[in-house]
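Have a look at the structure below, then the notes.
Numbering (this note's numbering), first residue to last: 1 to 306.
Rendered as structure tokens:
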């Protein structure tokens with residue numbers, strides 16, 4: 001394994017991590033502020049991807065596709081919050097899990113009815129296609145670098161929103177004591193709708209951007225949702241900083257583990273199954289990481305902080 005290959009895989013891990021952050025940030029906002037377990041968050045990721053693919057196919061504009069993904073996912077999130085979630089805030093988590101699982105089935109079948117069962121494809125725009133030369137002679141995908149830059153920019157914007165704006169103050173107050181801010185005259189229902197729509201928009205953005213490097217298909221959000229839950233458990237529920245750190249840890253662990261462990265097992269185990277054993281262990285690494293973090297810090301790395 002060369003140094004250039006290792007650096008390229010580190011960049012791939014960062015790209016995977018910031019994509020997970022876009023998913024996990026919305027999920028941790030919704031759970032932290034509302035105390036709501038939303039299994040349908042992956043469906044909002046899928047909606048963003050399908051909206052982007054449909055608009056890009058009709059207009060040829062990638063920027064319009066991203067705007068459509070944000071709008072469609074945010075609108076779907078707001079409707080779900082107003083029509084379904086408001087009835088679940090005072091219910092136990094089992095009811096929330098069952099209701100949001102039903103939403104997964106509804107969204108999946110509706111998407112299949114509208115777009116069919118065959119995957120759609122979203123092309124990378126010409127101005128983001130091809131490789132770019134990095135220091136050290138590394139050739140890396142410009143589009144993947146754009147995903148990394150977009151994710152980090154969104155992270156900075158979220159930190160600013162939560163810590164420096166009036167809406168952020170209300171979100172943090174709603175996380176701490178929702179009854180008190182309702183008594184102060186703040187419309188808690190409107191705040192919840194905004195938070196849910198914001199989280200949905202982030203998921204839709206992630207789906208749209210990833211849709212250009214993989215096929216867009218029904219059910220594509222559920223595997224990512226599982227990883228997003230791992231991220232917020234590692235980072236700490238309700239923490240945007242934890243979501244970012246946890247997502248980068250998961251992205252790098254998953255990518256580098258899949259690269260290094262098979263090579264290490266082949267180096268130290270002179271058997272035909274060494275590479276297979278290494279690959280199997282690599283697929284478990286992120287869950288081993290989660291277990292280690294929970295043993296050390298049961299509330300996650302940044303549990304209880306923004």
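No residue lacks a Cβ here, since even glycine has one placed at the ideal position from N, Cα and C.
The model shown is predicted, which means the values in this text are computed figures rather than measured ones.
Exercise. How would you call residue 220, buried or exposed, if buried means at least 16 neighbouring beta carbons within 10 angstroms?
Worked result: Classification of residue 220: buried, given that the 10 Å Cβ count is 16 or more.
For this session: Label residue 41 either buried or exposed according to how many other C-beta atoms from any shown protein chain fall within 10 Å of its C-beta, with 16 as the threshold for buried.
Result: With 16 or more neighbouring CB atoms inside 10 Å of its own CB, residue 41 falls in the buried class.
Problem set entry | Neighbour-count burial assignment, residue 180, 16 or more Cβ in a 10 Å radius | exposed
Problem set entry | Exposure label - residue 238; buried when at least 16 CB within 10 Å | buried
Exercise. Where does the unbroken beta strand (DSSP E) through residue 133 begin, and where does it stop?
Worked result: 131-134
Problem set entry | Reduced DSSP category for residue 120 - H, G, I as helix; E, B as strand; rest coil | strand
Exercise. Between which two residues does the beta strand (DSSP E) harbouring residue 138 extend?
Worked result: Residue 138 -> beta strand (DSSP E) spans 138-141.
Problem set entry | Residues sharing a beta bridge with residue 216, DSSP | DSSP, once it has assigned bridges, lists 120 as partnering residue 216.
For this session: Starting from the C-beta of residue 30, find all residues in its chain whose C-beta is less than 7 Å away, skip the five residues before and the five after it, and write them out in chain order.
Result: 36, 38, 195, 196 and 199
For this session: Sort 151, 189, 295 and 192 by Cα distance to residue 245 and report the nearest one.
Result: 151
Problem set entry | Boundaries of the alpha helix (DSSP H) in which residue 14 is found, first to last residue | 3-34
For this session: Starting from residue 113, trace the alpha helix (DSSP H) both ways and give me its first and last residue.
Result: 93-115
For this session: Just tell me which of 226, 214, 286 and 171 has its CA closest to the CA of residue 334.
Result: Missing from the structure shown is residue 334; the chain here goes from 1 to 306 and no further.
Exercise. From residue 210 to residue 91, what does the alpha carbon distance come to, in whole angstroms?
Worked result: 34 Å
Exercise. How would you call residue 111, buried or exposed, if buried means at least 16 neighbouring beta carbons within 10 angstroms?
Worked result: buried
Exercise. Given a threshold of 16 other Cβ atoms within 10 Å of its Cβ, counted over all protein chains shown, does residue 2 qualify as buried or as exposed?
Worked result: Counting Cβ neighbours within 10 Å, residue 2 comes out exposed, since fewer than 16 surround it.
Exercise. Can you give the Cα-Cα distance for residue 134 and residue 149, rounded to whole angstroms?
Worked result: The straight-line gap from Cα to Cα measures roughly 15 Å.
Exercise. With 16 other CB atoms within 10 Å as the buried threshold, where does residue 28 fall?
Worked result: buried
Problem set entry | Straight-line Cα distance separating residue 136 from residue 108 | 45 Å
Problem set entry | Straight-line gap, residue 297 to residue 284 (C-alpha atoms, nearest Å) | Cα to Cα, residue 297 sits roughly 20 Å from residue 284.
Problem set entry | Status (buried if at least 16 other CB within 10 Å, exposed otherwise) for residue 8 | buried
Exercise. Can you tell me whether residue 263 is buried or exposed, with buried defined as 16 or more other CB within 10 angstroms of its CB?
Worked result: exposed
For this session: Identify whether residue 288 lies in helix, strand or coil by the three-state DSSP scheme.
Result: helix
Exercise. Rounded to whole angstroms, how far is the Cβ of residue 294 from the Cβ of residue 233, which I believe are closer than 8 Å?
Worked result: 7 Å
Problem set entry | Terminal residues of the alpha helix (DSSP H) in which residue 223 lies | 221-235
Exercise. Does the Cβ-Cβ distance between residue 251 and residue 18 come in under 9 Å?
Worked result: yes
Problem set entry | Nearest-angstrom Cα separation, counted from residue 126 out to residue 291 | Spanning the two alpha carbons is a distance of roughly 43 Å.
For this session: Return the CA-CA distance between residue 169 and residue 303, expressed in angstroms with no decimal places.
Result: In this model, residue 169 and residue 303 are separated by some 18 Å (Cα to Cα).
Exercise. In angstroms, rounded to a whole number, what distance separates the CA positions of residue 53 and residue 204?
Worked result: 12 Å
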